Structures are given as C-alpha cells and as structure tokens.
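What follows is a set of notes on a single structure, which appears directly below.
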Amino acid sequence: MRLDRERALDHARDLVAAAWEEFDHARDIEPPISAELLRTLDLDLPEDGIDVVAALDEAAEALDQSLAQARPRYLAYIGSSGLEIGALADLLAHSYDPNLALHAGAATLIEAQALRWTAEFVGYPLAGGSFTSGGTVSNVTALAAARERTFPGSRRTGMPSGATVYCSADAHYSVTRAVELLGIGSDNVRDVPIDSDRRMRPDALADLVDADIAAGRTPMAIVGTAGTTLTGAIDPLSDIADICGATGIWMHVDGAYGLPAAAVIPERFRGLERADSVTVDAHKWMFVPKACGVVMVRDESTLAAAFGHETSYIPGTRNAVDVTLEYSRPLRALKLWLAFRVHGAAKFRETIQRNIDFAEALYGMASARGWEVGPTPDLSIVLMRKPGLDNAELVTRLQADGRVYISHAVVDGETWLRPCFTNPRTTAEDVRVLMDVADDVAVE
Ligand SMILES: Cc1ncc(COP(=O)(O)O)c(C=O)c1O
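Counted from 1, the sequence shown has number 432 at position 433 by numbering that gives the first Met the number 0; the numbering is strictly sequential.
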C-alpha cells in the first residue's frame, strides 16, 4: 500500500489551499450535488484503485458539495470551524497515530499540557481529565464519576433505586442519554424550571432537592449548563455550587458550547471553580475541527474510581484507559495544543469576544427592523422571529436560498430563527448580510 507521496502531498496541498482561500469569502449559493458526483457515490466497492490525484479530486468535489461549517456564513446549530492549524494538527497526529489509551510518550504529555491550558483558559482548578470525542462522552464520563462517588461500588453492584439527577429543562439531551446509559433511568432526571431568561431557577432547584431528600431519594448530581444549546443561557453556577456545597451533591457544568466565553466574561461563570466536573468542547467555540471534547475534574481519583481496572494485556500502572471511557484514543489534544501555540490565548479571547459582539449587534438590528427577539443573548446565540409569518417555513426558505445557513429553535412551541456565532471567519459584513437576507426572504 505505497502511496505516490510527492504527487499526493502536492495535490492535497493545492486542494487544501484552495479550500482555505474559498472559506475567506462567503459563496452566493449552496450548490446542489451534481449528477456526476451522485454517480461516483453510487459505485460498488472498487477492486482496483485509481490514481491518487483523481481520487483526491473526487473527495474534494464531494466536500465542496457538502455543508461545510468552516464557511463564514454557516451560522446554524453550534458550528465548529475547521481552524486551519487544527486541520494540519489532525494530519500530523493521524500520520503518527499514537494511541492515547496507554502511555504514549510525549503525546501523553501534550494531552496533559493541553488540558492544563484549557483549564487555565476558562478558569477551572483542574486535577485530572481527558480529551474525548465530544460533549456527549464528556457528560457520560463526568456522570459516571458522580455515580461512583455517590454510590461507591455501584459500577459493580448496579444502581440502587432513588438516584436522582437535576438539570434545567433546557439542558442538552446528552445529559439524559448519560443517565440512561448509566442505569439511572431518565425518569429520574428532574427538569428544573427556568426563569424568563431560560436560566435554571435556584429556588426551584433547592425545593426539588429538599423534596427528594425528604422522600428518601438520593440526589446524585446537579448539572448546570454554561450556555444552553437552545438559547445560550448560562445557569446560575454560583447558586448551584452553594446547593451542592451544602448537600454534598456532585456538581457538573456542561459548558460544551459556552464555557470558552468564561475566558472573556468570567463574572457570568462564577461558581465554575467549585464544580466537581466540567465539559467543554474545543470543536465548538474554540474553533478546532471535530472532534475535540474535554472533560475536567477537580479530583482525579473520582475518574479512577469509576474507570480503573486491570486487563491482562495492559501493564499494571495507571493508564489513560483507567480514567477514560474510551480505549483507543487518537491524539485529539494536538489540534488545541497547536492552536494555542500558534495563535495564543489572547487571540482566542479576542475572537470569542467578537462573536459575542456579533450576537449583540444582530439582536439590536433585528429588533430595530421589526423582528421579535428572544432573551438578550448571554453568549452568541440570537433568537428572532417575524410576527405573523410561518417562521419554520422561513428557515426552510433561508436554507434553500443558500446565501446564509441558519437553523431554527422551537421554544415554548414557537419557532424562531436561531443564528449562532462561533466561527472566527465570520465578519461584521456577514452579520449585516444575514439580516438583509432574512429581511428579503421574509418579504418574499
Ligand atoms: C450544551 C451541550 N452539551 C453537550 C453537547 C453534545 O456535544 P457533542 O455533540 O460534542 O457530543 C452539545 C452539542 O451541541 C451541547 O450544546
């Protein structure tokens, strides 16, 4: 399986350079998938290979006809941005392909250092953690640690009844998924009521916890979301930390999307430093390509208690597999490590702040132009809707129009347009264009 390296690398270099150049500008439409590409994508398993340059061209063509979150006007969901240095890091990391399940020499130190940098960036007193495949696995990992601390030995004996987990009604579904996978049961998740800014209500949380304890149940974890997926609301972490401190309940912060903003507006994240565990996705608002999740804890022994084990083919000392959910793990940390090394923390803060400013600017523009707007953005998500119109259809028509790409959110039964700014390539001009295109399509 030898590759024609020189030609392959030269050509790959040209393709990547062309893609990056393209991402500097928005394109006017999202092209449909061509008939020729559809034919290629319908081919049977090739018995013999084709020339690498031709095959790379096919791949690049397919990617060009895909929805790329790297484009500056991709403002849907919570995008990652394919940060250039991160893409190069992936190429390097995958070329060496170390396995971070075990001690992998300097690669293990890179992961540890990138974890420390991440913790320092967001202001969390890290004692342990790991890079993961994303927020979902980070949340499962953290809640597995919470389960074992609350019910020692339960990883072997199974769960007693009455375990209860608390999160806001707007928490990400991965919390429920984690609870299901860990044998706690999603019926035992309390959807804590939220206030008019869609933040968890600490008084309601305290009442629920008190009532459950009085009824003989065992609260296992409280999950505060630091930037909900729906609106970007930040739960009152300090109040949650007070309740956890008073009761001994595990505090987890799901900051998969929003936590990087703690580096620029730390006052809104006060209480984070008291969390037992924290999730943040570098592939969301730290711009690097997917997948680059991070889970951090204040006491590493909690991860070891949940995941430590012995296997006959792995040496007895503690390995990454003794503190993580996954076995084979790529060197995901390298993309964040290189991104910090090349751009520095200051550039990250500046870019995150700019995204926050875009949300504020769009919020102001939309309300000035007769759009109904949702809660004032805590972070970089804006909710806007046109009164009197079918806003779900409006989103569909905007996506079909192709000049900007946004997604929708259904909030209390109403559909809203939900642009989200997490891309360093997005400019103030893109924000204005989004507003103009939304106006155009609404008038049509
Ligand atoms: C708050 C929050 N938590 C968890 C997740 C899940 O992260 P991932 O998609 O990386 O598994 C998301 C995804 O958007 C999220 O917004």
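Quick reminder that beta carbons are idealized off the backbone N, C-alpha and C, glycines included. These numbers come from a predicted model, not from an experiment.
* Asked: Are Arg154 and Ala143 touching if we call contact CB-CB under 9 angstroms?
  -> yes
* For Gly387, does the count of other Cβ atoms within 10 angstroms reach 16, so buried, or fall short, so exposed? -> exposed
* To do: Would you kindly report the start and end of the unbroken alpha helix (DSSP H) that includes His407?
  => Per DSSP, His407 belongs to no alpha helix (DSSP H); it is in the beta strand (DSSP E), His407 to Val410.
* **7 angstroms Cβ shell around Trp19 - same chain, five flanking residues per side excluded** => Answer for Trp19: Glu83, listed in chain order.
* Is Ala143 near ligand 1, judged by its Cβ being under 8 angstroms from some heavy atom? -> no
* Asked: Per DSSP, Val394 forms a beta bridge with which residues?
  -> In the DSSP output, where bridge partners are listed per residue, Val394 has none listed.
* State buried or exposed for Gly157, treating a residue as buried only when at least 16 other CB atoms are found within 10 Å of its CB. => exposed
* **Burial state of Pro259 (16 or more Cβ within 10 Å)** => It is buried - the Cβ of Pro259 has at least 16 other Cβ atoms within 10 Å.
* Asked: Which value, in whole angstroms, describes the spacing of the CA atoms of Ala92 and Arg368?
  -> 48 angstroms
* **Pro218, enclosing beta strand (DSSP E) - first and last residue** => Thr217 to Thr224
* Is there at least one non-hydrogen atom of ligand 1 closer than 8 angstroms to the beta-carbon of Ser300? -> no
* Asked: Should Val293 go down as buried or exposed, given a rule of 16 or more other Cβ atoms within 10 Å for buried?
  -> buried
* Span of the beta strand (DSSP E), counted from its first residue to its last, around Phe130 -> Gly127 to Thr131
* Report the residue from Val222, Pro288, Thr149 and Leu337 whose alpha carbon sits nearest the alpha carbon of Ala304. => Thr149
* To do: Within 10 angstroms of the Cβ of Glu5, are there 16 or more other Cβ atoms? Answer buried if so, exposed if not.
  => exposed
* Which whole-angstrom value describes the C-beta separation of Ile351 and Ala441, a residue pair presumed to lie in contact below a C-beta threshold of 8 angstroms? -> Actually they are not in contact, since the Cβ atoms of Ile351 and Ala441 sit about 30 angstroms apart, beyond 8 angstroms.
* To do: Would you kindly report the start and end of the unbroken beta strand (DSSP E) that includes Arg189?
  => Counting along the chain, the beta strand (DSSP E) containing Arg189 begins and ends at Val188 to Val191.
* Entirely enclosed alpha helix (DSSP H) segments - the region 19-81, minimum 4 residues -> With a minimum length of 4 residues, the continuous alpha helix (DSSP H) runs that stay inside the region 19-81 are 34-39 and 51-63.
* For Ala360, which option in Ala408, Ser379, Glu349 and Arg348 has the closest C-alpha, if you only look at C-alpha atoms? -> Ser379
* **Inter-residue Cα distance where the pair is Arg297 and Arg348** => 24 angstroms
* To do: Determine the extent of the beta strand (DSSP E) in which Trp415 is found, giving its start and end residues.
  => Glu413 to Leu416
* Endpoints, the alpha helix (DSSP H) within which Trp116 is located -> Ala105 to Val121
* Asked: Which residues bound the beta strand (DSSP E) around His251?
  -> Trp249 to Asp253
* Taking Gly85 as the reference, give the member of Ile49, His342, His407 and Glu413 with the closest Cα. => His342
* What do you reckon, is the C-beta of Gly412 under 8 angstroms from a heavy atom of ligand 1? -> no
* Can you pull the DSSP bridge partners for Met364? -> Residue pairing by DSSP places Met364 in no beta bridge whatsoever.
* **Span of the alpha helix (DSSP H), counted from its first residue to its last, around Glu202** => Going by the sequence as given, residue 202 is Asp instead of Glu. Run containing Asp202: Pro201 to Ala213, per the alpha helix (DSSP H) assignment.
* To do: Could you spell out the range, first to last residue, of the beta strand (DSSP E) harbouring Met295?
  => Gly292 to Val296
* To do: Determine, using beta-carbon pairs with one atom in the region 238-258 and one in the region 382-396, whether at least three such pairs fall under 8 angstroms.
  => no
* Do Ala290 and ligand 1 come close, with the Cβ less than 8 angstroms from some heavy atom? -> Relative to ligand 1, Ala290 has its C-beta within less than 8 angstroms of a heavy atom.
* How about Val164 and Asn187: do their beta carbons lie closer than 9 angstroms? -> yes
* Asked: Is it true that the region 70-77 meets the region 30-49, where meeting means three or more beta-carbon pairs spaced less than 8 angstroms apart?
  -> no
* Asked: Is Lys283 near ligand 1, with its Cβ less than 8 angstroms from a heavy atom?
  -> yes
* Residues in its own chain within less than 6 angstroms of Met285 by CB, not counting five upstream and five downstream? -> Pro259
* Kindly list the residues whose CB is nearer than 6 angstroms to the CB of Ala69, restricted to its own chain and excluding five residues on each side of it in sequence; keep chain order. => Phe22, Ser80 and Gly81
* Asked: Ala100 by DSSP, collapsed to three states: which one?
  -> In this structure, Ala100 counts as coil in the three-state DSSP scheme.
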